[in-house]
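Visitor: If you scroll down you'll find the structure; I have some questions about it.
2 protein chains.
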Amino acid sequence: MNNDSSSQIVEKLKKIIDSSAPGTRLPSTRSLVTEFQASPVTVQKALQSLSMQGLIESRPGIGTFTRSSGLTRPADYSWQSTALGSARTRRTAAATPLGRPGNDSLSLHHGYPEPGLLPSRLVRSAVNRASRSESALACPPPGGLPDLQRWFARELAEQSIGSVTPTAKDVIIMPGSQSGLSSIFASLVGAGQPLLVESPTYWGALLAAENAGVQLIPVSSGPNGPDPVELSKAFDRSGARMFYAQPNFANPTGAQWTAALKEQILAVVRRHSAFLVEDDWAHDFGIESSSIPLAAADDSGHVIYIRSLTKSVSPSLRVAAVITRGPARDRILANTAAEAMYVSGLLQAAALDVVTQPAWNTHLRSLRSQLSARRDLLISSLHAEAPEAQLELVPQGGLNLWLRLPEHTDLKLLTQDCLRAGLAIAGEVNWFPAEPAGKYLRVNYAGERSAEFPEAARILGEALRSQ
Amino acid sequence: MNNDSSSQIVEKLKKIIDSSAPGTRLPSTRSLVTEFQASPVTVQKALQSLSMQGLIESRPGIGTFTRSSGLTRPADYSWQSTALGSARTRRTAAATPLGRPGNDSLSLHHGYPEPGLLPSRLVRSAVNRASRSESALACPPPGGLPDLQRWFARELAEQSIGSVTPTAKDVIIMPGSQSGLSSIFASLVGAGQPLLVESPTYWGALLAAENAGVQLIPVSSGPNGPDPVELSKAFDRSGARMFYAQPNFANPTGAQWTAALKEQILAVVRRHSAFLVEDDWAHDFGIESSSIPLAAADDSGHVIYIRSLTKSVSPSLRVAAVITRGPARDRILANTAAEAMYVSGLLQAAALDVVTQPAWNTHLRSLRSQLSARRDLLISSLHAEAPEAQLELVPQGGLNLWLRLPEHTDLKLLTQDCLRAGLAIAGEVNWFPAEPAGKYLRVNYAGERSAEFPEAARILGEALRSQ
Numbered sequence: 046m047n048n049d050s051s052s053q054i055v056e057k058l059k060k061i062i063d064s065s066a067p068g069t070r071l072p073s074t075r076s077l078v079t080e081f082q083a084s085p086v087t088v089q090k091a092l093q094s095l096s097m098q099g100l101i102e103s104r105p106g107i108g109t110f111t112r113s114s115g116l117t118r119p120a121d122y123s124w125q126s127t128a129l130g131s132a133r134t135r136r137t138a139a140a141t142p143l144g145r146p147g148n149d150s151l152s153l154h155h156g157y158p159e160p161g162l163l164p165s166r167l168v169r170s171a172v173n174r175a176s177r178s179e180s181a182l183a184c185p186p187p188g189g190l191p192d193l194q195r196w197f198a199r200e201l202a203e204q205s206i207g208s209v210t211p212t213a214k215d216v217i218i219m220p221g222s223q224s225g226l227s228s229i230f231a232s233l234v235g236a237g238q239p240l241l242v243e244s245p246t247y248w249g250a251l252l253a254a255e256n257a258g259v260q261l262i263p264v265s266s267g268p269n270g271p272d273p274v275e276l277s278k279a280f281d282r283s284g285a286r287m288f289y290a291q292p293n294f295a296n297p298t299g300a301q302w303t304a305a306l307k308e309q310i311l312a313v314v315r316r317h318s319a320f321l322v323e324d325d326w327a328h329d330f331g332i333e334s335s336s337i338p339l340a341a342a343d344d345s346g347h348v349i350y351i352r353s354l355t356k357s358v359s360p361s362l363r364v365a366a367v368i369t370r371g372p373a374r375d376r377i378l379a380n381t382a383a384e385a386m387y388v389s390g391l392l393q394a395a396a397l398d399v400v401t402q403p404a405w406n407t408h409l410r411s412l413r414s415q416l417s418a419r420r421d422l423l424i425s426s427l428h429a430e431a432p433e434a435q436l437e438l439v440p441q442g443g444l445n446l447w448l449r450l451p452e453h454t455d456l457k458l459l460t461q462d463c464l465r466a467g468l469a470i471a472g473e474v475n476w477f478p479a480e481p482a483g484k485y486l487r488v489n490y491a492g493e494r495s496a497e498f499p500e501a502a503r504i505l506g507e508a509l510r511s512q
Numbered sequence: 046m047n048n049d050s051s052s053q054i055v056e057k058l059k060k061i062i063d064s065s066a067p068g069t070r071l072p073s074t075r076s077l078v079t080e081f082q083a084s085p086v087t088v089q090k091a092l093q094s095l096s097m098q099g100l101i102e103s104r105p106g107i108g109t110f111t112r113s114s115g116l117t118r119p120a121d122y123s124w125q126s127t128a129l130g131s132a133r134t135r136r137t138a139a140a141t142p143l144g145r146p147g148n149d150s151l152s153l154h155h156g157y158p159e160p161g162l163l164p165s166r167l168v169r170s171a172v173n174r175a176s177r178s179e180s181a182l183a184c185p186p187p188g189g190l191p192d193l194q195r196w197f198a199r200e201l202a203e204q205s206i207g208s209v210t211p212t213a214k215d216v217i218i219m220p221g222s223q224s225g226l227s228s229i230f231a232s233l234v235g236a237g238q239p240l241l242v243e244s245p246t247y248w249g250a251l252l253a254a255e256n257a258g259v260q261l262i263p264v265s266s267g268p269n270g271p272d273p274v275e276l277s278k279a280f281d282r283s284g285a286r287m288f289y290a291q292p293n294f295a296n297p298t299g300a301q302w303t304a305a306l307k308e309q310i311l312a313v314v315r316r317h318s319a320f321l322v323e324d325d326w327a328h329d330f331g332i333e334s335s336s337i338p339l340a341a342a343d344d345s346g347h348v349i350y351i352r353s354l355t356k357s358v359s360p361s362l363r364v365a366a367v368i369t370r371g372p373a374r375d376r377i378l379a380n381t382a383a384e385a386m387y388v389s390g391l392l393q394a395a396a397l398d399v400v401t402q403p404a405w406n407t408h409l410r411s412l413r414s415q416l417s418a419r420r421d422l423l424i425s426s427l428h429a430e431a432p433e434a435q436l437e438l439v440p441q442g443g444l445n446l447w448l449r450l451p452e453h454t455d456l457k458l459l460t461q462d463c464l465r466a467g468l469a470i471a472g473e474v475n476w477f478p479a480e481p482a483g484k485y486l487r488v489n490y491a492g493e494r495s496a497e498f499p500e501a502a503r504i505l506g507e508a509l510r511s512q
């Protein structure tokens, strides 16, 4: 018997396969030997060829079965829908300020400062130095490079008014604050458990929380921050053990809590034996005011402090710190080690290099005046060109204005209209853990082409009036 | 009334605080005014001072309460234990090969290749180039830098025998394969659901799985890989929809599946409408054999392929790819975006730079012969000095030998004895998803001071015989 026999067998079996449902048993090797008067080796060769083409499969000790003749159709992944079941997360990162608008659009949309506001020369030379250091080829400890841990601890300790100041071992280095939030929510709250959050608040925190499966409980927060009495009731009602908040220059509202409010909120948190996750995202973006962490007044492990360098140093140096004490620290570290093992030592060394240069402080001072000028230009532009958009608070720091739009505004349509006129806005981002409390738009004054804010405001104003 | 009144009130209240339980209500402002004949302002000043010292707290509209006089004692975080409840993860990264032995110890312990086996010059110059590029200051798309996605897709496509070859959009760039595993287990399996894993298998995967709360189902796997019939039964029994495996140079066993076994396993996976997570961790560490991904034969989205550059390029360039198709890809991307937002563009650009240099292939060839020599030296040293440790398989690639030790071995004691004699071993790492099948030790031949393998083997042999 020759190869032609093998081909004949293949042809015959292909016909069977084409006319059978997947999973149909094929004639046995023995019967094929008889039918084609072929050797077992030839039959085996034919079966192997069909198997390699994905048309059949052999189940050892049972027989050979048709798989599917569908390989000539477009690949079909529909089986995955059944295998995967329902999805947990409704929010996605798709409709968020991470997406980049077209290159020729103006933008009030992005969440990160444009490269012109970053300490570019410091970053490039720090990375260059790190490339020649040991950190380029080594594997750092899971908690982080000790020198960088020390730097973060010292920064917080310098603002400390409590009797217990943070030390290097209280610091866990994270690959960005998003990972920090994910680890905290997953390891300290857990799926199905309640988490109090300001409403509105940072969309990334809401995303991380939903991804961890926690139940979001809104605590209304406006230009003055949350009401301590309402917060206390929300703790009582929900049984929550954690409150996520941004006490300084909250994203998106820009609110900064007064010293008295900070004290009251901390008291409420203590009284409920709960955690306050303090996201100090805008620590380097003070304008008239500076960020004063609530964590600096905590001496019994109630505040979990997150401080990132990603936004102020460079989006490529994804390095953040979580500072906390007690068993909570150990749980977060165990979770983050399981999730990410460790943070690139190269990025850690470069970030530390940047923030320990004298030029870093010079940069921060110049950034302060640039942000001030940008904020004021955008406010005056909006005032002149888009008076329909109401600003409830002139933020004393941060990167954003929080605009209240007329109730009839269709945010999706507004976003489309603006984009058509050459302006990207973040109209479809949901900043609310439950229903939005109104029609709001966050506009960012740290993006590119800030000189054209008047034009951006004009486009927004026209789009608002055309609704 | 002067400040002395205020001090007197403070002194009086401190006595009350010291003798009261936390939460005791203090005399009202009005009664203090009467008692001390002080103005309300003076009383308020005293209360504020005590509040700043953390000794009291005021509940608006209710009164002022003692907090705790315990601030002079060491900080007490015991309230956290109640707040946090029981912990989910039993495994921790603490007792793992990430820990570094003392500097003067020999080591068969570490999981990463020592710097001498890394393409140091390529890494340093790639990072240096990246420091001058746009990637140093920019924020890349959530899925990864398109050029790096394309590189990973092309590498897998070149080995492809299926009818559907992977494309750039099938690739998700991850901050290391640990993050990839975490995302896959969390988004596609989920807490409480079953996951089949080889037994033994990589401890990091077990850690990621337990952290995601999935239920581990062991499938026994030795020098020949898993038995397809047993795998099929395990799918039937458990209802699992996913099997995590390392078909090439498995960690720790070193097993490489034959082509026939790969085909059979893939058929079992297909028949159960399930996913195979193929962790191709040793793709760059072939010795006699090369890694041939099972993913290259998959054309209907059953294989989720993970390929990391961290181990072979540099531990500081934490970049890995997950390649998969269909709804599974979207779920993984949504999860990883929520967990980590994006991977540093600097690391992505530098990693791509390294693997696209002609010198990268030269490096891989030289690495192959270095690994071969190291492996053979360690095998012959163990044979001569520690014949009690049986090697079941000479691995054709990877970084490890998997040794079976006598049944009476106390692994904890062995680890201590070896460390005392100057050798770090990973005796306390648990490679088994359930009970260990025997006394085993993984030894790594990619660590530092390989010329001293004979001495390392001598220490191990003596420690074994002393038990």
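If you're matching them up, the sequences are chains U and S in order.
Note that the working numbering has the first sequence beginning at 46, numbered continuously upward.
Note that the working numbering has the second sequence beginning at 46, numbered continuously upward.
Idealized CB from N, CA, C, for every residue including glycine.
As the structure is a prediction and not an experimental result, all values here were calculated from the model.
Residues of chain S with CB closer than 9 Å to the CB of residue 102 of chain U, please, in chain order.
Guide: Looking up residue 102 of chain U in the first sequence gives position 57. Result: 308, 309, 311, 312, 313, 315, 316.
Visitor: Return helix, strand or coil for residue 280 of chain S, following the three-state DSSP convention.
Guide: To locate residue 280 of chain S, count along the second sequence from 1; it is residue 235. Here residue 280 of chain S sits in helix by DSSP.
Visitor: Against chain U, does residue 489 of chain S count as a neighbour if the rule is that its beta carbon must be under 8 Å from one of theirs?
Guide: Within the second sequence, residue 489 of chain S is the residue found at index 444, counting from 1. By this cut-off, residue 489 of chain S is not an interface position.
Visitor: Which class does residue 192 of chain S belong to by DSSP, given the choice of helix, strand or coil?
Guide: Locating residue 192 of chain S in the second sequence gives position 147, counting from the first residue. It is helical.
Visitor: Less than 8 Å between the beta carbons of residue 353 of chain U and residue 313 of chain U, yes or no?
Guide: Your numbering for residue 353 of chain U matches position 308 in the first sequence. Your numbering for residue 313 of chain U matches position 268 in the first sequence. It is not a contact, given that the beta carbons lie outside the stated cut-off.
Visitor: Is there a C-beta anywhere in chain U that falls below 8 Å from the one on residue 146 of chain S?
Guide: What you label residue 146 of chain S is simply residue 101 of the second sequence in a count that begins at 1. Only weak support exists for where residue 146 of chain S lies, its pLDDT of 48 falling under 50; the coordinates are left without a value.
Visitor: Quick check on residue 483 of chain S: buried or exposed, where buried means 16 or more other Cβ atoms within 10 Å of its Cβ?
Guide: Residue mapping note: residue 483 of chain S aligns to position 438 of the second sequence, counting from 1. Classification for residue 483 of chain S: exposed.
Visitor: Taking C-beta pairs closer than 7 Å, name the residues in chain S that residue 293 of chain U reaches, listed in chain order.
Guide: Here residue 293 of chain U corresponds to residue number 248 of the first sequence, with the count starting at 1. What residue 293 of chain U touches in chain S: nothing, since even the nearest Cβ is about 19 Å away.
Visitor: How long is the line joining the alpha carbons of residue 431 of chain S and residue 250 of chain S, rounded to whole angstroms?
Guide: Here residue 431 of chain S corresponds to residue number 386 of the second sequence, with the count starting at 1. Here residue 250 of chain S corresponds to residue number 205 of the second sequence, with the count starting at 1. Computed Cα separation, rounded: 30 Å.
Visitor: Following the continuous beta strand (DSSP E) through residue 110 of chain U, name the residue where it begins and the one where it ends.
Guide: Looking up residue 110 of chain U in the first sequence gives position 65. First-last of the beta strand (DSSP E) with residue 110 of chain U: 108-111.
Visitor: Between which two residues does the beta strand (DSSP E) harbouring residue 71 of chain S extend?
Guide: Within the second sequence, the letter at position 26 stands for residue 71 of chain S. Segment: none, residue 71 of chain S is in no beta strand (DSSP E) and carries neither H nor E.
Visitor: Listing by chain order, which chain U residues have their CB less than 9 Å from the CB of residue 249 of chain S?
Guide: Your numbering for residue 249 of chain S matches position 204 in the second sequence. Result: 383, 386.
Visitor: Which of the three DSSP states is assigned to residue 324 of chain S in this structure?
Guide: Against the second sequence, residue 324 of chain S aligns to sequence position 279. Three-state DSSP puts residue 324 of chain S in a strand.
Visitor: Applying a beta-carbon distance threshold of less than 8 Å, which residues of chain S neighbour residue 74 of chain U?
Guide: Along the first sequence, one-based indexing puts residue 74 of chain U at 29. Those within 8 Å of residue 74 of chain U in chain S number zero; the least Cβ separation is about 16 Å.
Visitor: Report yes if the CB atom of residue 368 of chain U is closer than 8 Å to the CB atom of residue 211 of chain U, and no otherwise.
Guide: Here residue 368 of chain U corresponds to residue number 323 of the first sequence, with the count starting at 1. Here residue 211 of chain U corresponds to residue number 166 of the first sequence, with the count starting at 1. In this structure, residue 211 of chain U lies closer than 8 Å to residue 368 of chain U by Cβ.
Visitor: What span of residues does the beta strand (DSSP E) with residue 267 of chain U cover, start to end?
Guide: By one-based count along the first sequence, residue 267 of chain U stands at place 222. Segment 260-267, the beta strand (DSSP E) holding residue 267 of chain U.
Visitor: What does the alpha-carbon distance come out to for the pair residue 395 of chain S and residue 168 of chain S?
Guide: As a working mapping, residue 395 of chain S is identified with position 350 in the second sequence. As a working mapping, residue 168 of chain S is identified with position 123 in the second sequence. Rounded to the nearest angstrom, the two C-alpha atoms are 7 Å apart.
Visitor: Three-state secondary structure (DSSP) at residue 117 of chain U?
Guide: Numbered from its first residue, the first sequence carries residue 117 of chain U at position 72. Any reading at residue 117 of chain U is ruled out, since the residue's pLDDT is 44, under 50, leaving its predicted position unreliable.
Visitor: Say whether the region 184-203 of chain U touches the region 161-176 of chain S, bearing in mind that this needs 3 or more beta-carbon pairs closer than 8 Å, one atom from each stretch.
Guide: Verdict: no, contact absent.
Visitor: Hey, would you say residue 269 of chain S sits closer than 8 Å to residue 290 of chain S, going by beta carbons?
Guide: Your numbering for residue 269 of chain S matches position 224 in the second sequence. Your numbering for residue 290 of chain S matches position 245 in the second sequence. Against a cut-off of 8 Å, the Cβ pair of residue 290 of chain S and residue 269 of chain S comes out as no contact.
Visitor: Determine the extent of the alpha helix (DSSP H) in which residue 444 of chain S is found, giving its start and end residues.
Guide: Within the second sequence, the letter at position 399 stands for residue 444 of chain S. Residue 444 of chain S -> no alpha helix (DSSP H), and no H or E assigned at all.
Visitor: What beta strand (DSSP E) runs, 3 residues minimum, are completely inside the region 373-403 of chain S?
Guide: Within the region 373-403 of chain S, no complete beta strand (DSSP E) run reaches 3 residues.
Visitor: Just reading off the beta strand (DSSP E) that residue 226 of chain U is part of, what are its end residues?
Guide: Counted from its first residue, the first sequence places residue 226 of chain U at position 181. Careful: residue 226 of chain U lies outside any beta strand (DSSP E), inside the alpha helix (DSSP H) at 222-229.
Visitor: Taking CB distances under 8 Å as the criterion, tell me whether residue 461 of chain U reaches chain S.
Guide: Working through the first sequence from its first residue, we reach residue 461 of chain U at position 416. By this cut-off, residue 461 of chain U is not an interface position.
Visitor: Look at the alpha carbon of residue 323 of chain S and the alpha carbon of residue 459 of chain S, and state the distance between them as a whole number of angstroms.
Guide: The residue given as residue 323 of chain S occupies position 278 in the second sequence. The residue given as residue 459 of chain S occupies position 414 in the second sequence. Rounded to the nearest angstrom, the two C-alpha atoms are 33 Å apart.
Visitor: Is the Cβ-Cβ distance between residue 375 of chain U and residue 351 of chain U less than 8 Å?
Guide: As a working mapping, residue 375 of chain U is identified with position 330 in the first sequence. As a working mapping, residue 351 of chain U is identified with position 306 in the first sequence. Contact: no.
Visitor: My assumption, with CB atoms under 8 Å, is that residue 426 of chain U sits in contact with residue 502 of chain U. Please give the rounded CB distance.
Guide: For this step, residue 426 of chain U is matched to residue 381 along the first sequence. For this step, residue 502 of chain U is matched to residue 457 along the first sequence. Their Cβ separation, rounded to whole angstroms, is 4 Å, which keeps residue 426 of chain U and residue 502 of chain U in contact under 8 Å.
Visitor: Looking only at C-alpha atoms, which of U:470, U:373, U:161 sits nearest to residue 217 of chain U?
Guide: Numbered from 1 along the first sequence, position 172 holds the residue referred to as residue 217 of chain U. Out of U:470, U:373, U:161, U:373 has the C-alpha closest to the C-alpha of residue 217 of chain U.
Visitor: Using a Cβ-Cβ cut-off of 8 Å, state whether residue 357 of chain S counts as contacting chain U.
Guide: Translated into the one-based positions of the second sequence, residue 357 of chain S becomes position 312. Not an interface residue.
Visitor: Which of the three DSSP states is assigned to residue 16 of chain S in this structure?
Guide: Residue 16 of chain S lies beyond the residue range present for chain S, which begins at 46 and ends at 512; the question has no answer from this structure.
Visitor: If we count the other Cβ atoms within 10 Å of its Cβ and call it buried at 16 or more, is residue 143 of chain U buried or exposed?
Guide: Translated into the one-based positions of the first sequence, residue 143 of chain U becomes position 98. Low local confidence applies: a pLDDT of 49 at residue 143 of chain U is under 50, so the model's placement there is unreliable, and no value is given.
Visitor: Give me the chain S residues within the contact set of residue 223 of chain U, using Cβ-Cβ distance strictly less than 8 Å, ordered along the chain.
Guide: For this step, residue 223 of chain U is matched to residue 178 along the first sequence. Chain S residues near residue 223 of chain U: 383, 384, 385, 386.
Visitor: Measuring CA to CA, which of U:158, U:181, U:157, U:220 is closest to residue 187 of chain U?
Guide: Position 142 of the first sequence, counted from the start, is the residue given in the question as residue 187 of chain U. For residue 187 of chain U, the nearest C-alpha among the options comes from U:220.
Visitor: Would you call residue 102 of chain S buried or exposed, if buried means 16 or more other Cβ atoms sit within 10 Å of its Cβ?
Guide: Translated into the one-based positions of the second sequence, residue 102 of chain S becomes position 57. By the neighbour-count rule (16 or more Cβ atoms within 10 Å), residue 102 of chain S is buried.
Visitor: Is it buried or exposed, residue 155 of chain S, if we count other Cβ atoms within 10 angstroms and call 16 or more buried?
Guide: Locating residue 155 of chain S in the second sequence gives position 110, where the first residue counts as 1. Residue 155 of chain S should be labelled buried.
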